[in-house]
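Per the working numbering, residue 247 is the first one in the sequence shown, and the count goes up by one each step.
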Amino acid sequence: MTLKMTTKIKTLYITSLSLLLTITSCDSFTDIDIPGNQLTTKKVFSDDALAKSAMASVLRSLSEKGFLSGVSSGGTALLGCYTDELVSYQPANSDLSQMYFLTHNAQGSSAKLLWESSYSQLYSVNAIIEGVNNSPSLSKAVKDQLLGEALFIRGLLHFYLTSTYGSIPYVTTTDYEVNRKIPKKTTGEVYTLAKDDLLQALSLLPETLPRGNRIRPSKMAAYTVLARIALYEQGWSKAVEYATKVIGNPSYAIDSDLSKVFLKNSSSAIWQLEPISGLENTHEGGLFVLETAPPTNVAMSTALVGSFENGDQRRSVWIGKKSDTSGNDYYFPYKYKKNKATASSEEYSIVLRTEELYLIRAEAFLESGQIVSALNDLNVLRNRAGLTNITSGDSAVITSMILNEYRHEFFTELGNRFYTLKRKNRLSSEINQVKPGWKDYYSNLPIPESELLLNPNLLPQNNGY
247 MTLKMTTKIK TLYITSLSLL LTITSCDSFT DIDIPGNQLT TKKVFSDDAL
297 AKSAMASVLR SLSEKGFLSG VSSGGTALLG CYTDELVSYQ PANSDLSQMY
347 FLTHNAQGSS AKLLWESSYS QLYSVNAIIE GVNNSPSLSK AVKDQLLGEA
397 LFIRGLLHFY LTSTYGSIPY VTTTDYEVNR KIPKKTTGEV YTLAKDDLLQ
447 ALSLLPETLP RGNRIRPSKM AAYTVLARIA LYEQGWSKAV EYATKVIGNP
497 SYAIDSDLSK VFLKNSSSAI WQLEPISGLE NTHEGGLFVL ETAPPTNVAM
547 STALVGSFEN GDQRRSVWIG KKSDTSGNDY YFPYKYKKNK ATASSEEYSI
597 VLRTEELYLI RAEAFLESGQ IVSALNDLNV LRNRAGLTNI TSGDSAVITS
647 MILNEYRHEF FTELGNRFYT LKRKNRLSSE INQVKPGWKD YYSNLPIPES
697 ELLLNPNLLP QNNGY
């Protein structure tokens with residue numbers, strides 16, 4: 247197959263590719279393959295352009311569903327409602343309201359959304375890895391690009407899965423016979439496998455990407471996730487090492503203007519998801535920005551809105567307000583300001599940004615006894631927000647301020663609040679203040695019961711469910 251093939255034939259193959267890469271979009275990753283997949287895969291991965299389309303399909307899926315998506319069923323909205331960031335105004339039986347009112351369970355759809363979306367995406371990623379590795383005709387440049395991107399995404403998705411559900415399967419094949427009886431791995435084992443994938447990706451991914459075009463993973467993205475995993479594992483020296491790789495790269499700088507952080511050409515963006523067309527903007531903008539009040543989807547919690555320090559410019563620049571006819575005020579995340587199509591896309595959804603590396607390194611420095619260095623990194627973000635320096639030498643105070651920065655720098659971004667409190671063992675103490683019904687075992691979502699019925703090796707169910 248050559249690049250001179252007709253548009254009609256190309257469209258046919260891309261359609262076949264889409265079917266191949268979304269086989270499990272509504273089903274378990276343990277379900278059997280559709281007959282003929284091998285033939286379709288062979289054709290797709292015999293041509294550079296079609297092989298790139300395979301990854302484009304995965305990136306589009308990441309934008310439309312799962313942990314990285316800004317839609318109402320994505321990680322940002324679900325975990326924001328689950329914790330103390332967002333209030334759901336949807337009907338009580340909706341997925342967002344189940345998470346908000348803590349009525350989620352192993353039989354329902356709310357906790358199932360992230361699981362199913364992720365394993366569907368992992369199937370697609372593994373199909374790419376297998377297709378690339380088995381292809382005799384793809385160019386080396388395309389092979390390296392696709393393999394690096396696929397390994398990166400595989401490591402990242404498993405990181406989110408284990409951080410959300412606890413022990414989970416680490417899926418590295420499309421083989422039904424393997425997947426239908428695959429066992430769970432502990433979080434520590436998942437982290438090890440994810441690091442292996444990310445380190446392999448490092449040797450294949452480009453060092454950097456230009457501003458406005460950071461829509462594919464790069465080495466800086468891999469370093470960011472490796473730094474995050476090191477932090478979760480309390481590997482302080484590695485966390486500092488990986489974070490410094492990004493902070494020290496002049497191509498990735500924190501913009502002093504808060505209004506520019508979430509633009510398409512953001513200087514601190516490390517990895518972004520491109521809108522569906524060149525006229526569209528982000529799902530987050532469409533979900534969060536209120537045009538009428540009261541809301542019909544979600545709004546910010548009063549606990550979050552009221553928690554900002556006096557003078558914190560993030561409060562005025564990143565939060566919007568809409569009042570109803572009775573004078574009741576509703577607040578909404580206003581990081582992404584475009585909720586409609588524009589002449590050209592102005593905002594891309596940010597998955598990773600440089601600001602996180604400063605907090606990772608600050609915490610790692612603090613845990614290593616390097617208090618001055620920790621304060622320096624912490625104060626970079628505080629100063630950008632218009633706040634004064636923290637000068638205390640008390641580790642407990644500095645820890646509290648680092649957590650405060652996570653809350654106010656990364657609110658309503660991909661479940662950051664949930665994961666930060668969870669790894670610090672503060673979920674119950676923090677969330678109980680606004681949700682007295684919170685249980686300790688809510689730190690893990692339930693494994694979908696349908697998965698346990700298909701594969702008993704996934705037992706036992708998470709505690710409490």
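Ideal Cβ placement from N, Cα and C applies to all residues, glycine included. The structure presented is a predicted model; accordingly, all values stated were derived computationally and were not measured.
Which residue's Cα is closest to the Cα of Ala440: Ser299, Ala396, Gly710 and Pro429?
Among Ser299, Ala396, Gly710 and Pro429, the Cα nearest to that of Ala440 belongs to Ala396.
Would you report the Cα separation of Ser464 and Leu445, rounded to the nearest angstrom?
One C-alpha to the other measures close to 12 Å.
If we count Cβ pairs, one from each stretch, closer than 8 Å, do we get three or more for the stretch 513 to 527 versus the stretch 593 to 601?
The stretch 513 to 527, when compared against the stretch 593 to 601, does touch it at the 8 Å Cβ threshold.
Taking only three categories from DSSP, how would you classify Phe347?
Note: Phe347 maps to coil in three-state DSSP.
Glu695 to Ala352 span [Cα, whole Å]:
Taking the straight line joining both Cα atoms gives about 5 Å.
Pick out whichever of Lys484, Gly312, Ile375 and Pro429 has its Cα sitting closest to the Cα of Glu609.
Put simply, of Lys484, Gly312, Ile375 and Pro429 the residue whose alpha carbon is nearest the alpha carbon of Glu609 is Lys484.
Would the stretch 420 to 429 count as touching the stretch 321 to 329 if we require 3 or more Cβ pairs under 8 Å?
With the cut-off at 8 Å, the stretch 420 to 429 and the stretch 321 to 329 do not touch.
Span of the alpha helix (DSSP H), counted from its first residue to its last, around Phe405
Residue range Lys386 to Tyr411 is occupied by the alpha helix (DSSP H) that includes Phe405.
Just to confirm the assignment: which complete alpha helix (DSSP H) runs, minimum length 4, are found wholly within the stretch 428 to 454?
Qualifying alpha helix (DSSP H) stretches, in chain order: 433 to 448.
Should Lys386 go down as buried or exposed, given a rule of 16 or more other Cβ atoms within 10 Å for buried?
Burial call: exposed.
Where the alpha helix (DSSP H) through Gly532 begins and ends:
Counting along the chain, the unbroken alpha helix (DSSP H) around Gly532 starts and ends at His529 to Phe534.
Expressed to the nearest angstrom, what Euclidean distance is found between the alpha-carbon atoms of Asn703 and Pro429?
Between Asn703 and Pro429, the C-alpha separation is close to 5 Å.
One question on the structure: do Tyr652 and Leu605 come within less than 9 Å of each other, judged by their Cβ atoms?
Against a cut-off of 9 Å, the Cβ pair of Leu605 and Tyr652 comes out as a contact.
Rounded to whole angstroms, what's the CA-CA distance from Arg628 to Thr634? Just pull it up for me.
The alpha-carbon of Arg628 is positioned some 7 Å away from that of Thr634.
Which term fits Asp294, buried or exposed, when burial requires 16 or more other beta carbons within 10 angstroms of its beta carbon?
Under the 10 Å beta carbon count, Asp294 is surrounded by 16 or more other beta carbons and is classified as buried.
Between the C-alpha atoms of Leu715 and Glu592, what's the straight-line distance to the nearest angstrom?
In the structure as shown, the chain starts at 247 and stops at 711, and residue 715 therefore has no counterpart that could be examined.
Can you give me the C-alpha to C-alpha distance between Phe405 and Val507, rounded to a whole angstrom?
Pairing Phe405 with Val507, the inter-Cα distance amounts to about 25 Å.
Hey, quick one: how far does the beta strand (DSSP E) through Tyr576 stretch, first residue to last?
Segment Asp575 to Pro579, the beta strand (DSSP E) holding Tyr576.
Is the beta carbon of Ser569 less than 9 Å from the beta carbon of Tyr580?
Result no, Cβ atoms of Ser569 and Tyr580 do not sit closer than 9 Å.
Checking 9 Å against the spacing of the C-beta atoms, do Thr418 and Ile375 come in under that value?
Pairing Thr418 with Ile375 gives a Cβ-Cβ distance under 9 Å.
For Ser309 and Asn527, the rounded distance between their alpha carbons:
Rounded to the nearest whole angstrom, the C-alpha separation of Asn527 and Ser309 is 12 Å.
So Leu612 is in the alpha helix (DSSP H); what residue range does that whole segment cover?
For Leu612, the uninterrupted alpha helix (DSSP H) run begins and ends at Glu601 to Glu613, by DSSP.
Considering only C-alpha positions, which residue in the set Lys288, Lys358, Lys298 and Ile648 is nearest to Leu393?
Nearest neighbour of Leu393 by Cα position, chosen from Lys288, Lys358, Lys298 and Ile648, turns out to be Lys298.
Kindly confirm or deny that the stretch 473 to 492 and the stretch 608 to 624 touch, where touching means at least three C-beta pairs closer than 8 Å.
Result yes; three or more Cβ-Cβ pairs closer than 8 Å.
Nearest-angstrom Cα separation, counted from Val333 out to Tyr346:
When rounded, the distance between both Cα atoms is 7 Å.
What's the gap between the Cα of Ser340 and the Cα of Phe398?
Using only the alpha carbons, I get a separation of about 33 Å.
Identify, in the order they occur along the chain, each residue of the same chain with its Cβ nearer than 7 Å to the Cβ of Ser689, setting aside the five sequence neighbours on each side.
Correct list, in chain order: Lys668 and Leu673.
Which partner residues does Gln518 have in the DSSP bridge list?
According to DSSP, Gln518 bridges with Ile596.
Where does Lys311 fall in DSSP's three states?
Per DSSP, reduced to three states, the secondary structure at Lys311 is coil, with no helix or strand assignment.
Whole-angstrom distance between Ser595 and Tyr478, CA atom to CA atom:
Computed Cα separation, rounded: 24 Å.
Coarse secondary structure for Ser591, derived from DSSP in three states
In the structure shown, Ser591 sits in coil (DSSP, three-state: anything other than H, G, I, E or B).
Please return the same chain residues whose Cβ sits closer than 6 Å to the Cβ of Val317, not counting the five positions on each side in sequence.
Apart from the 5 residues on each side of it in sequence, Val317 sits with its Cβ closer than 6 Å to the Cβ of His529 in its chain, given in chain order.
One or two residues paired with Gly566 in a DSSP bridge
Assignment of beta-bridge partners to Gly566 by DSSP yields Phe578.
Measure the CB-CB distance between Trp684 and Leu348 and report whether it falls below 9 Å.
Result yes, Cβ atoms of Trp684 and Leu348 sit closer than 9 Å.
Helix, strand or coil for Ala476? Go by DSSP, reduced to three states.
Ala476: helix per DSSP, three-state reduction.
Residues near Ile677 in its chain [Cβ-Cβ closer than 7 Å; skip 5 each side]:
These residues qualify, in order along the chain: Thr329, Asp330 and Trp684.
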